[in-house]
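A.B. asks: I'd like to ask some things about the structure below.
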Amino acid sequence: MPVCPLDYRYGTPEMKAIFSEDARIDYLLRIEGALALAHEEFSHIPQGYGNAINEKASVRHVSPARVNEIEGRTKHDIMALVLALSEAVGEPSSGYIHLGATSSDILDSATALQIRDANIIILRRVIEITQALSELALRTEDTICIGRTHGQHAIPMTFGFKVGVWAMEMKRHHTRFLELRPRVEVGKMSGAVGTGAAFGDNSIELEKRTMEILGIGTEEISTQIVQRDRYVELVGFMANLATTLEKIATEIRNLQRTEINEIREHFDTAGQVGSSTMAQKVNPITCENVCGLARIIRSMVIPTMENAILWHERDLANSSAERFLIPHSYVLLDDILGKMTSVIAGLSVNVEIMSDNIEISRGLCMAESVMMAMARKGVSREHAHEIIRKISLECRNESIHLRDGLARNREILELFSESELSEVLDPGSYLGHIRKKIAKYIGPMQER
């Protein structure tokens, strides 16, 4: 009976396949095969024996059920793998399986393969959501909306500029990801405490060649394990990326509030149900789902850090936790990246309500614009600020428009003509460098 929601509710088949039990065993077998090939190249074992081992080193020839059956007896996963592979290979080649290796050589190198293959999917997802954000930013770069600070109306901006902030954050994640991949897609083949003594005089060359066959990097100096600072960086990155996704989802949820209603997550009106009792409800359930799962990903950071602190050249305190940390982080991150890409691609933008909402403050969002226009006419910034502050308070207390409050102030009337004041109060005239920034920074992503 499934217990973990990843088994039946969250995650894509593509990502979950990488971390399935059968795939894990296949990755482990591939490491044993690559080691045997390297041994043969260095003439550590008779010619042909390495190929014989490598040809059988997959779940096509070694049944995961048989591995698990043997582990039930040996109580050791890698020894069970070696014995099951030996049965498939047969004599005499089987006598050279796992030659000189320790269990962590196989386990950590297999994890590196899983990380590499999972990273390919995550990279694609990052590029997809960045493109979706960039397209939305360009499409709405002239859609004027109110900017908010402290949950209050601030000054006008455009929705495309808001989305541009998200797009640039995602581009930074893309850069971070490309930089960290060589540091985390790393295995080892250096024996019990990392000295390589069991592999002989050319242990360094053998380790390097094994990793080259596998297509991953090599730990420079290791203990019995690949050093966990690499995993800390990896899971930390995934938590950072998940935090950005939750940030975007939270903003969408806020802007979908009934009293704001500026944007809306796609809702299938043909059959989707918002509430079991309130039939009118149209809820941002995907964004809410993303927020919840992002918190789970962030929770993986602390145990990953604690796993980096082990006794001497290693103990086993990290092993059980890592069976959760890396697979769950990848499956959930992949899940929410795909969901947020769909949300962004299908987002409804209510231009009319954005325009209406600007007027809720009765022009007070243009107070800064008036103050700066006064400064350009020679009024000190401090004096201009005090005048506009007092007028704004009067407008708020009397529930009148800023235009009307300005019109009864003698100093304002002496400074501005009616047409000048209208321009200063026009939200479209106070958008700063929005178009220049979007034109400079927002564009398509290139996969690397």
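Counting from 1 along the sequence shown, just add 279 to a position and that's the residue number in the numbering used here.
Glycine residues also receive a C-beta, built at the ideal position from the N, C-alpha and C atoms.
Spell out the partners DSSP gives Ile425 in its beta bridges.
C.D. replies: As a first step, residue 425 is located in the sequence shown; it is residue number 146 there, counting from the start. DSSP, once it has assigned bridges, lists Pro435 as partnering Ile425.
A.B. asks: If you draw a straight line from the alpha carbon of Leu700 to that of Leu643, how long is it in whole angstroms?
C.D. replies: Against the sequence shown, residue 700 aligns to sequence position 421. Against the sequence shown, residue 643 aligns to sequence position 364. Roughly 14 Å between the two C-alpha positions.
A.B. asks: Check whether the Cβ of Ser322 lies closer than 9 Å to any Cβ atom in chain C.
C.D. replies: Going by chain labels, chain C is absent from the structure shown, which holds only one protein chain.
A.B. asks: Taking 9 Å as the cut-off, decide whether the C-beta atoms of Phe440 and Ala416 are in contact.
C.D. replies: Within the sequence shown, residue 440 is the residue found at index 161, counting from 1. Within the sequence shown, residue 416 is the residue found at index 137, counting from 1. Yes; because the gap between Cβ atoms is below 9 Å, this pair is in contact.
A.B. asks: What three-state label does DSSP hand Ser627 in the structure shown?
C.D. replies: Reading the sequence shown from its first residue, position 348 is the one you call residue 627. Three-state result, Ser627: strand.
A.B. asks: Which runs of the alpha helix (DSSP H) spanning at least 4 residues fall entirely within the region 491 to 546, listed in chain order?
C.D. replies: Runs found: 508 to 534.
A.B. asks: With burial defined as no fewer than 16 other Cβ atoms inside 10 Å of the residue's Cβ, what is the status of Asp614: buried or exposed?
C.D. replies: Within the sequence shown, residue 614 is the residue found at index 335, counting from 1. Under this definition Asp614 is a buried residue.
A.B. asks: Look at the alpha carbon of Ile332 and the alpha carbon of Gly617, and state the distance between them as a whole number of angstroms.
C.D. replies: As a working note, residue 332 is residue 53 in the sequence shown. As a working note, residue 617 is residue 338 in the sequence shown. Each residue's alpha carbon lies about 39 Å from the other.
A.B. asks: Taking DSSP as the reference, what is the three-state secondary structure of Val472?
C.D. replies: For the purposes of this step, residue 472 is identified with residue 193 of the sequence shown, where counting begins at 1. Here Val472 sits in coil by DSSP.
A.B. asks: With the cut-off set at 9 Å, would you say Ile240 and His453 are in Cβ contact?
C.D. replies: Shown here, the chain extends from 280 to 727; a query on residue 240 therefore has no answer.
A.B. asks: For the putative contact between Lys467 and Ser413, defined by C-beta atoms under 8 Å, what is the C-beta separation to the nearest angstrom?
C.D. replies: Here residue 467 corresponds to residue number 188 of the sequence shown, with the count starting at 1. Here residue 413 corresponds to residue number 134 of the sequence shown, with the count starting at 1. Not confirmed; about 39 Å, so no contact.
A.B. asks: Any idea which residues DSSP pairs Val465 with across the strands?
C.D. replies: Here residue 465 refers to the residue found at position 186 of the sequence shown. Its beta-bridge partners are Gly496.
A.B. asks: Once you ignore the five residues that flank Lys767 on each side, which residues in its own chain have a CB closer than 7 Å to its CB?
C.D. replies: What is shown of the chain runs 280 to 727, which leaves residue 767 out entirely.
A.B. asks: If you follow the alpha helix (DSSP H) that Ala587 is part of, which residue opens it and which one closes it?
C.D. replies: Within the sequence shown, the letter at position 308 stands for residue 587. Taken as a continuous stretch (DSSP letters only), Ala587 belongs to no alpha helix (DSSP H), as it is neither H nor E.
A.B. asks: With a 10 Å radius around its C-beta and 16 neighbouring C-beta atoms as the bar for buried, classify Asn597 as buried or exposed.
C.D. replies: Here the question's residue 597 lines up with position 318 in the sequence shown. That one is buried.
A.B. asks: Could you tell me which of Glu311, Ile401 and Arg577 sits nearest to Ser372, measuring between CA atoms?
C.D. replies: For the purposes of this step, residue 372 is taken as residue 93 along the sequence shown, with counting starting at 1. For Ser372, the nearest C-alpha among the options comes from Glu311.
A.B. asks: DSSP state of Phe695, grouped into three classes?
C.D. replies: On the sequence shown, residue 695 is found 416 positions in, with the first residue counted as 1. Correct three-state label for Phe695: coil.
A.B. asks: Can you tell me which of Asn688, Arg668, Glu491 and Ile495 puts its alpha carbon nearest to the alpha carbon of Glu464?
C.D. replies: Counting from one through the sequence shown, the residue named residue 464 turns up at place 185. Checked all of Asn688, Arg668, Glu491 and Ile495; the closest Cα to Glu464 is Ile495.
A.B. asks: When you compare the CB positions of Met449 and Val505, do they come within less than 9 Å of one another, or not?
C.D. replies: By one-based count along the sequence shown, residue 449 stands at place 170. By one-based count along the sequence shown, residue 505 stands at place 226. No, the Cβ-Cβ distance between Met449 and Val505 is not below 9 Å.
A.B. asks: Measure how close the beta-carbons of Glu544 and Gln535 come, nearest whole angstrom, since I'm counting them as under 8 Å.
C.D. replies: The residue labelled residue 544 in the question sits at position 265 within the sequence shown. The residue labelled residue 535 in the question sits at position 256 within the sequence shown. Contact holds; Cβ gap of about 6 Å.
A.B. asks: What three-state label does DSSP hand Gln326 in the structure shown?
C.D. replies: Taking the first residue of the sequence shown as position 1, residue 326 is located at position 47. If DSSP states are grouped into helix, strand and coil, Gln326 belongs with coil.
A.B. asks: State the CB to CB distance for the pair Ala663 and Ala654, rounded to an integer number of angstroms; the pair is presumed to be in contact (CB under 8 Å).
C.D. replies: Locating residue 663 in the sequence shown gives position 384, where the first residue counts as 1. Locating residue 654 in the sequence shown gives position 375, where the first residue counts as 1. Confirmed, about 6 Å.
A.B. asks: Three-state secondary structure (DSSP) at Ala380?
C.D. replies: Here residue 380 corresponds to residue number 101 of the sequence shown, with the count starting at 1. Reduced to three states, the DSSP call for Ala380 is coil.
A.B. asks: Would Ile605 pass as a contact of Leu513 if the rule is Cβ separation under 9 Å?
C.D. replies: Stepping through the sequence shown from its first residue, residue 605 is reached at position 326. Stepping through the sequence shown from its first residue, residue 513 is reached at position 234. In contact: Ile605 and Leu513 (Cβ atoms closer than 9 Å).
A.B. asks: Does the region 382 to 402 come into contact with the region 290 to 297, if we say contact requires no fewer than three beta-carbon pairs (one atom in each stretch) closer than 8 Å?
C.D. replies: Contact between the region 382 to 402 and the region 290 to 297 is present, because at least three Cβ pairs lie under 8 Å.
A.B. asks: Could you say which of Tyr328, Leu386 and Ile425 lies nearest to Leu307 if we only look at CA atoms?
C.D. replies: Within the sequence shown, the letter at position 28 stands for residue 307. Nearest option by C-alpha distance: Leu386.
A.B. asks: Consult DSSP for Thr291 and reduce its assignment to one of helix, strand or coil.
C.D. replies: On the sequence shown, position 12 is the one that residue 291 refers to. Three-state DSSP puts Thr291 in coil, outside helix and strand.
A.B. asks: Can you find a heavy atom of the ligand PLP that lies under 8 Å from the Cβ of Leu694?
C.D. replies: No copy of the ligand PLP appears in this structure; indeed no ligand is present at all.
A.B. asks: Can you grab the Cα-Cα spacing for the pair Ala718 / Leu626, in whole Å?
C.D. replies: As a first step, residue 718 is located in the sequence shown; it is residue number 439 there, counting from the start. As a first step, residue 626 is located in the sequence shown; it is residue number 347 there, counting from the start. Ala718 and Leu626: Cα-Cα distance of roughly 22 Å.
A.B. asks: Report all residues from its chain with a CB closer than 7 Å to the CB of Gln503; omit the five preceding and five following residues, and keep chain order.
C.D. replies: Numbered from 1 along the sequence shown, position 224 holds the residue referred to as residue 503. Closer than 7 Å at Cβ, skipping near neighbours: Thr381, Ser383, Ala471, Val472, Gly473, Glu592 and Arg593.
A.B. asks: Could you give the distance in angstroms between the alpha-carbon of Arg727 and the alpha-carbon of Thr409?
C.D. replies: Mapped onto the sequence shown, residue 727 falls at position 448. Mapped onto the sequence shown, residue 409 falls at position 130. Residue placement at Arg727 cannot be trusted, given a pLDDT of 48 that sits under 50; the coordinates are not used to answer.
A.B. asks: Rounding to the nearest angstrom, what Cα-Cα distance links Ser599 and His429 in this structure?
C.D. replies: For the purposes of this step, residue 599 is taken as residue 320 along the sequence shown, with counting starting at 1. For the purposes of this step, residue 429 is taken as residue 150 along the sequence shown, with counting starting at 1. In a straight line, the C-alpha of Ser599 is about 43 Å away from that of His429.
A.B. asks: Please state the DSSP three-state secondary structure of Lys716.
C.D. replies: Along the sequence shown, one-based indexing puts residue 716 at 437. DSSP places Lys716 in helix when its eight states are reduced to three.
A.B. asks: Can you grab the Cα-Cα spacing for the pair Leu378 / Pro325, in whole Å?
C.D. replies: Indexing the sequence shown from 1 puts residue 378 at position 99. Indexing the sequence shown from 1 puts residue 325 at position 46. Each residue's alpha carbon lies about 13 Å from the other.
A.B. asks: Comparing alpha-carbon positions, which option in Leu710, Arg641 and Gly711 lies nearest Ser678?
C.D. replies: Residue mapping note: residue 678 aligns to position 399 of the sequence shown, counting from 1. Checking every option, the nearest Cα to that of Ser678 belongs to Arg641.
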